[in-house]
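Numbering (this note's numbering), first residue to last: 5 to 382.
Even for Gly, the Cβ is constructed at its ideal location relative to N, Cα and C.
Okay, so here's the structure we're looking at.
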């Protein structure tokens, strides 16, 4: 069965059907058995930037252990959650997966600490934003084809990433999807990925902090969402040791958020009754949690920010990581003429600082730390 026929039977009219794609910057012949969004997913998965996510961290550096999530495992968790929500809402799972796999590709080493440093170094060049950097990777930096730069992804995937890059990083007081300055909402598929990202990091940051001993479950009980989640688990299971209780609570925390998102969004879609993706884009964002759960998520995220992201162990390791990344940037800027040809072109066409940021942001945490400690070049 052709993908267009299958999608017409399965997807809702408000979903983004692959047959209606706006295409790509460079037109390509239709693939015999893969939809445009399947091809996007595969191109992202096979890219070198995606592979490097396995050695890039999010909140915790590798110095704290090897249990916690990397950018890659976080990305896979987001894709899993987003696919579940998309299927329940009859959205395009292939597009959702491509958007989810793409969403963190532009992150530099050491997560938000690395991003803040590069943003400071590029202040006069328009700054550094990991969402916009992902677009640079997809449109220019990734070299997979002999006859063109970039991955030539569909406009829907590029637009979804561009809409992420057009807004400031999400903070603990802003959970809802946002419209662009022009008042246009993202496709529902992009809204789902944004929500799945929030669900994933709420759960895995709590899980990682507990496993690493930065928090206890009693500490986390200060946040109502966690306290209620543990109470639900305890009511279902009479006696669990700490490790089993933590794992069961994380599962419950994920399930509770996902279920609420599907129910609330389903009601919002039914009320708005959009009949096409165009109507979705003209409607205020529809993918959202209930007001009650959203407030509890805000409280949990504020707690994690205070007690985990600002934990003395995390800040101590982050200080060394930042020093290493700063040394890498400054050394590469001093020897910008040694950059390989594609980056050397960027140094001339844009600026040496931008070319160095493109190079340094592609490095892994491990590569930066090992080179810095050994006094080697990057």
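Nearest to residue i (by Cα), restricted to the options the options
i: residue 128; options: 79, 357, 314; result: 357
i: residue 40; options: 13, 203, 54, 7; result: 7
i: residue 143; options: 37, 335, 258, 51; result: 51
i: residue 16; options: 270, 55, 241; result: 270
i: residue 330; options: 35, 290, 309, 372; result: 372
i: residue 225; options: 281, 308, 160; result: 308
i: residue 287; options: 267, 190, 304, 194; result: 190
i: residue 291; options: 116, 195, 366, 236; result: 195
i: residue 429; options: 246, 158, 319; result: The structure shown does not extend to residue 429, since the chain spans only 5 to 382, so no value can be given for it.
i: residue 45; options: 94, 75, 109; result: 109
i: residue 58; options: 35, 141, 111; result: 111
i: residue 96; options: 193, 278, 275; result: 193
i: residue 301; options: 340, 227, 53; result: 227
i: residue 20; options: 206, 82, 282, 250; result: 282
i: residue 134; options: 151, 147, 116; result: 116
i: residue 264; options: 43, 60, 89; result: 89
i: residue 32; options: 87, 155, 82, 78; result: 155
i: residue 91; options: 267, 277, 306; result: 267
i: residue 151; options: 30, 277, 9, 314; result: 30
i: residue 326; options: 124, 214, 223, 48; result: 124
i: residue 82; options: 200, 126, 312; result: 200
i: residue 105; options: 278, 76, 130, 93; result: 76
Classification of residue i by the beta-carbon crowding that lies within 10 angstroms, buried from 16 upward
i: residue 114; result: buried
i: residue 217; result: exposed
i: residue 168; result: buried
i: residue 5; result: exposed
i: residue 345; result: exposed
i: residue 320; result: exposed
i: residue 239; result: exposed
i: residue 102; result: buried
i: residue 243; result: exposed
i: residue 188; result: exposed
i: residue 37; result: exposed
i: residue 55; result: exposed
i: residue 220; result: exposed
i: residue 343; result: buried
i: residue 241; result: exposed
Coil, strand or helix - residue i by DSSP
i: residue 131; result: coil
i: residue 279; result: coil
i: residue 38; result: coil
i: residue 28; result: strand
i: residue 158; result: strand
i: residue 368; result: coil
i: residue 311; result: helix
i: residue 164; result: helix
i: residue 321; result: helix
i: residue 14; result: helix
i: residue 352; result: helix
i: residue 52; result: helix
i: residue 291; result: coil
i: residue 33; result: coil
i: residue 296; result: helix
i: residue 169; result: helix
i: residue 189; result: coil
i: residue 339; result: coil
i: residue 344; result: coil
i: residue 19; result: coil
i: residue 6; result: coil
i: residue 153; result: coil
i: residue 95; result: coil
i: residue 83; result: helix
i: residue 90; result: helix
i: residue 305; result: helix
i: residue 286; result: coil
DSSP beta-bridge partners of residue i
i: residue 61; result: 74
Min CB distance residue i to chain B below 8 angstroms
i: residue 325; result: Among the protein chains of the structure shown there is no chain B, as only one such chain exists.
Q) Taking the runs of the alpha helix (DSSP H) that are 4 residues or longer, which of them lie wholly in the region 195-282? A) Counting only runs of 4 or more, we get 221-224, 228-240, 246-276.
Q.
Give the list of continuous alpha helix (DSSP H) stretches no shorter than 4 residues that lie fully inside the region 104-151.
A. Segments of the alpha helix (DSSP H) lying fully in the region 104-151: 115-125, 134-140.
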